[in-house]
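Colleague: These protein sequence lines map, in sequence, to chains B and E. Count along the first sequence starting at 1, add 3, and that's the number in the numbering used here. Count along the second sequence starting at 1, add 12, and that's the number in the numbering used here. We put the CB at the ideal spot given by N, CA and C, even for glycine.
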Amino acid sequence: QVQLVQSGSELKKPGASVKVSCKASGYTLTDYAMNWVRQVPGQGLEWMGWINTKSGNPTYAQGFTGRFVFSSDSVNTTYLQITSLKAEDTAVYYCARDRGYFDPWGQGTLVIVSS
Amino acid sequence: DIVMTQSPDSLAVSLGERATINCKSSQNILYSSNNKNYLAWYQQKPGQPPKLLTYWSSTRESGVPDRFSGSGSGTDFTLTISSLQTEDVAVYYCQQYYTSPHTFGQGTKLEVK
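(1) In terms of alpha-carbon separation, which member of ALA52(E), LEU64(E), GLN107(E), SER69(E) lies closest to GLY75(E)?
(2) List the residues of chain E that GLN6(B) touches, going by C-beta distances under 7 Å, in chain order.
(3) Can you confirm whether ALA36(B), when its beta carbon is compared against all beta carbons of chain E, has any partner nearer than 7 Å?
(4) Alpha carbon to alpha carbon, how far is VAL23(B) from ARG79(E)? Give it in angstroms, no decimals.
(5) Out of ALA24(E), CYS106(E), HIS114(E), THR111(E), which has the shortest C-alpha to C-alpha gap to ASP100(E)?
(6) Are the Cβ atoms of GLY126(E) and TYR105(E) separated by less than 7 Å?
(7) What does GLU123(E) reach in chain B if we use C-beta pairs closer than 8 Å?
(8) What residue does the beta strand (DSSP E) around ASN34(E) start on, and which one ends it?
(9) Taking TYR50(E) as the query, report the chain B residues whose CB atoms sit under 9 Å from its CB, ordered along the chain.
(10) Count the other C-beta atoms from every protein chain shown that fall within 10 angstroms of the C-beta of ALA90(B), then say buried if there are 16 or more, exposed otherwise.
(11) Using a Cβ-Cβ distance cut-off of 7 Å, determine whether TYR97(B) contacts chain E.
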């Protein structure tokens, strides 16, 4: 079945970087774009942007430019890298396949930024 | 950006009763060339990722119980649960995918009364 499996939780210090992976199975990665969504604990869903998995071209939502990088290996995995981490980056990050609407979603990766 | 506003923010309904959640978009999200509303509903249970319930406003995703139904067009949309079950306790989000950024509503928390 179609499935997205994300890498495990991360605990990072301010200023460090983190790279979250999202491995797709059950379909051809390059047939669909991939979205990234942030959810701060206890809050709602915020669309971060998407990556064209065929060309590797990313598009970032406002507020997610500069320190956020989407990439893809064009085989079965997409990545979200966040640099110069801040406490306010503490959140669960989800990947979600683009069908226009989002389906399926990865299980989420909790990134905690704390000194 | 299109702003999605859900009402109410929280809702308590008795088991077996109807639950209704509303979603209003700040702009029309009906694409005239294909007559489709670019509106999806998701269910999120604690500790889980969101799950797609309906898309194109009213198309139920495969495997979703038929007590869930979506309706509406243009700027006003509704998710209805016809007979609330305990497993329906969750936060529900609407989302427009008409244009970028693909914005979500703020969520509606549904509980059992």
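Modeller: Taking the structure as given:
(1) One-based indexing of the second sequence puts residue 75(E) at position 63. For the residues ALA52(E), LEU64(E), GLN107(E), SER69(E), the minimum Cα distance to GLY75(E) belongs to LEU64(E).
(2) In the first sequence, counting from the first residue as 1, residue 6(B) sits at position 3. Neighbours of GLN6(B) on chain E: none; closest Cβ ~12 Å, over 7 Å.
(3) For the purposes of this step, residue 36(B) is taken as the residue at position 33 of the first sequence. No, ALA36(B) does not count as interfacial toward chain E.
(4) Here residue 79(E) is taken as the residue at index 67 of the second sequence, counted from 1. Here residue 23(B) is taken as the residue at index 20 of the first sequence, counted from 1. Rounded to the nearest angstrom, the two C-alpha atoms are 36 Å apart.
(5) As a position in the second sequence, residue 100(E) is number 88, starting the count at 1. Ranking ALA24(E), CYS106(E), HIS114(E), THR111(E) by CA distance to the CA of ASP100(E) puts ALA24(E) first.
(6) Lying before the first or after the last residue shown, residue 126(E) is absent from chain E, which here runs from 13 to 125.
(7) On the second sequence, residue 123(E) is found 111 positions in, with the first residue counted as 1. Here the premise fails: no neighbours, minimum Cβ distance about 16 Å.
(8) Residue mapping note: residue 34(E) aligns to position 22 of the second sequence, counting from 1. ASN34(E) -> beta strand (DSSP E) spans 31-37.
(9) As a first step, residue 50(E) is located in the second sequence; it is residue number 38 there, counting from the start. Within chain B, the residues near TYR50(E) are GLY103, TYR104.
(10) Position 87 of the first sequence, counted from the start, is the residue given in the question as residue 90(B). It counts as exposed.
(11) For the purposes of this step, residue 97(B) is taken as the residue at position 94 of the first sequence. Cβ-Cβ to chain E under 7 Å: yes for TYR97(B).
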